[in-house]
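> Note that the numbering used here has the sequence shown beginning at 9, numbered continuously upward.
Backbone N, C-alpha and C define an ideal beta-carbon position, used for all residues, glycine too.
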Amino acid sequence: MAKQTSSGRWKQRQARDPYVRKAHAEGWRSRAAFKLQEILARERCLRRGAVVVDLGAAPGGWSQVAAAAVGEGGLVVAVDLLEFEPIPGVRFIRGDFCDESVIAALRSALGGRPVDLVLSDMAPNISGNWSVDQPRSMALAEQALEAAEELLKPAGGFIVKVFQGEGFAELVRTCRGHFATVRIRKPDASRAESREMYVVATGRRLV
Ligand SMILES: C[S@@+](CC[C@H](N)C(=O)[O-])C[C@H]1O[C@@H](n2cnc3c(N)ncnc32)[C@H](O)[C@@H]1O
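In structure tokens form, the structure reads like this:
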């Protein structure tokens, strides 16, 4: 029997995944859309008219969910390294969120509007070497938290993907110092074998 490549295994897994099929059928750009939907349904931390920053937004599932939730009076500003097909109600900035010029472009797209919710689903290119991937994921989460601290209005929220491992407990502790409520979520659509978790922090305090 021919040996299967990792891309062959990935394609097979995608074809079998019920969330991939559901996303396709319902017009969501990624299965990740269901993770955010589930978190928002439980936390009720996004209202119509809100301003949202979506970091690591491509291909755009979370931005679609956020844009639908905030409606026409709201605003979603999305950032990613990769291309992004336009979504009504979403302003997109292409670039590395760790670059000061991208952060400046984000501030300018917000036009001084205080932010209700910062989302980060940023993930590094997975090398398969956990000792490399986990600290990279943690660095992205820390960068997102810094942005949240700068941009969020009082009582605002922050939802960030983090791979469990070194630095995870420290990040949660820092969030607890800045937000009234911090919960760790593993949505149903998050694959059981994935070490990803979502830190959901609400009620931003001014410290
Ligand atoms: C899991 S995907 C996001 C999926 C997205 N939330 C959705 O619903 O479609 C992670 C994204 O993070 C982006 N990313 C990783 N590092 C980044 C960085 N430094 N700046 C901006 N985007 C980054 C990747 O390009 C990738 O598109």
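1) Do the segment 127-134 and the segment 142-155 meet, that is, are 3 or more Cβ pairs less than 8 Å apart?
2) With respect to the alpha helix (DSSP H) encompassing I47, which residues constitute its N-terminal and C-terminal limits?
3) Nearest-angstrom Cα distance between R212 and R115?
4) My output table needs one value for F92: the three-state DSSP class, helix, strand or coil.
5) State the DSSP-derived secondary structure class of R102, mapped to helix, strand or coil.
6) Reducing DSSP to helix, strand and coil, say where V215 ends up.
7) Indicate, with yes or no, if ligand 1 has a heavy atom lying under 7 Å from the CB of S202.
8) When every heavy atom of ligand 1 is checked, does at least one fall within less than 7 Å of the C-beta of V126?
9) Could you pull out every residue in the same chain whose Cβ sits closer than 6 Å to the Cβ of F42, ignoring the five residues on either side in sequence?
10) At the level of alpha carbons, what is the spacing between L89 and A188?
Judging by the given coordinates:
1) Yes: the two stretches touch, three or more of their Cβ pairs being nearer than 8 Å.
2) For this step, residue 47 is matched to residue 39 along the sequence shown. Unbroken alpha helix (DSSP H) run through I47: 40-51.
3) On the sequence shown, residue 212 is found 204 positions in, with the first residue counted as 1. On the sequence shown, residue 115 is found 107 positions in, with the first residue counted as 1. Annotation: R212 to R115 spans about 19 Å, alpha carbon to alpha carbon.
4) Taking the sequence shown and counting its residues from 1, one reaches residue 92 at position 84. Residue state, collapsed to three classes: coil.
5) If you number the sequence shown from 1, residue 102 lands on position 94. Note: R102 maps to strand in three-state DSSP.
6) Along the sequence shown, one-based indexing puts residue 215 at 207. Here V215 sits in coil by DSSP.
7) The sequence position of residue 202 within the sequence shown is 194, counting from 1. Result no, Cβ not under 7 Å from ligand 1.
8) Within the sequence shown, numbered from 1, the residue matching residue 126 stands at position 118. False, no ligand heavy atom lies under 7 Å from that Cβ.
9) Position 34 of the sequence shown, counted from the first residue, corresponds to residue 42. Hits under 6 Å: Y27, A197.
10) Taking the first residue of the sequence shown as position 1, residue 89 is located at position 81. Taking the first residue of the sequence shown as position 1, residue 188 is located at position 180. In this model, L89 and A188 are separated by some 32 Å (Cα to Cα).
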